[in-house]
Structures are given as structure tokens and as C-alpha cells.
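Below: one structure, written as C-alpha cells.
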Amino acid sequence: MLSTKDSPEREVARLEGPPARVLVIQAPYYADVVGGMHRGAARVLEAAGATLETVDVAGAYELPAALRMAIRRETWEGFLLLGCVVRGATDHYTFICDAICHGVMDISAETGAPLGFGLLTVDSLDQAVERSRDDRMNKGAEAAHALLGQLALARRWAR
Numbered sequence: 002m003l004s005t006k007d008s009p010e011r012e013v014a015r016l017e018g019p020p021a022r023v024l025v026i027q028a029p030y031y032a033d034v035v036g037g038m039h040r041g042a043a044r045v046l047e048a049a050g051a052t053l054e055t056v057d058v059a060g061a062y063e064l065p066a067a068l069r070m071a072i073r074r075e076t077w078e079g080f081l082l083l084g085c086v087v088r089g090a091t092d093h094y095t096f097i098c099d100a101i102c103h104g105v106m107d108i109s110a111e112t113g114a115p116l117g118f119g120l121l122t123v124d125s126l127d128q129a130v131e132r133s134r135d136d137r138m139n140k141g142a143e144a145a146h147a148l149l150g151q152l153a154l155a156r157r158w159a160r
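Residue numbers (our numbering): 2 to 160.
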């Protein structure tokens, strides 16, 4: 598996058709980290012509439920989830990360909604900061690129 450091520079995907409407659902418990990821994602999505709306949830654990609620509204074409969970001294980290990832994957597989998943699961806040900086290592930008790919695929198959 390659790290972001090893990955090639990505061009911003061009979506055919009208501007994509994207909902960013973020858990800003680590506000500086998630804010950095949001800025990276916004740069990518806006360069592709997407319009963004952002909502905050209490914590990363709430991301799957908020995603489910948002999909039911049929207002947005794609969804970007942003959050960060830092390992602590207890098993809480493992249970929370597993629950979030399984919840998001279940919703994604069931609905087929275009989704970008930017959840940092790190051992330290320093690692999170590294992954939310204003550079090509930004995991929010990486999740936005993934979302654009899913949006393009959904549009292609809808024709």
C-alpha cells in the first residue's frame, strides 16, 4: 500500500454537467486539524466547480448517522465526511473507529451515494496535523479527489 507521499500528483477531475452540490459533514472536535482538511477539500471541490454546504456534528461517532439523514433529504449529489480520532490510553479508540468505518461503509454500499471519507485515525495529534497541512499530503483534499471520482462515475452510469 502506498502512502500519500508516494502517490502521484492528482489533477482535479472535471465533472460533466451542472456543478455538483456537495455536503461536507464534519466533526470539528480537533478544530485546527479538521479545518485544515476542510480547506484542502474545498480547494479541490471548488476547482471542479462544485458548490459546498458544511454542517458540523458533535463528534466523529455521529458522522454515519448524519450521513444517513442527509442522504434521505435528496438535496446533495455527493457527501464528504471529515473528522479525526486520536488514540488514547483505552480501547475506546478502537471501538469508535470500527463503529464509524463500518457505519459509513454500510451506508455507502447500501445507497451507492458518492462519498469521500476523510476520517483521520492517528496515534498522536502531531500525526493529524501533518495530514491536515496546506500541502499535497492533506487528507481532506485526498478525500475530495475520491469523491469527485465517485461523482463522475455516478453521472456516467446515470446516463
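Glycine included, C-beta positions come from ideal geometry on N, C-alpha and C.
Counting the other Cβ atoms within 10 Å of the Cβ of Phe80 gives 16 or more, which makes it buried. Close CB contacts of Ala114 within its chain, under the 7 Å cut and outside five residues either way in sequence, are with Ile72 and Phe80 (chain order). One thing to note: Leu16 has its Cβ no nearer than 7 Å to the Cβ of Leu148. In the three-state scheme derived from DSSP, where H, G and I count as helix and E and B as strand, Arg137 is classed as coil. Taken through DSSP and simplified to helix, strand or coil, Arg88 comes out as coil. The alpha carbon of Gly104 has as its nearest neighbour, out of Arg69, Ala51, Val86 and Thr91, the alpha carbon of Arg69. Put simply, the backbone Cα of Phe118 is about 15 Å away from that of Val34. The three-state reading of DSSP puts Asp57 in strand, counting E and B together. Gly60 is the residue among Gly60, Asp135 and Glu54 whose C-alpha sits nearest the C-alpha of Ala100.
By the Cβ-count criterion, Pro19 is exposed, with fewer than 16 other Cβ atoms from all chains shown falling within 10 Å of its own Cβ.
The beta carbon of Glu63 sits closer than 7 Å to those of Ala28, all from its chain and outside the five residues before and after it, given in chain order. Counting only runs of 4 or more residues that sit fully inside the stretch 97-159, the alpha helix (DSSP H) segments are 126-131 and 140-159, in chain order. Note: Arg74 is not bridge-paired with any residue in the DSSP secondary-structure output.
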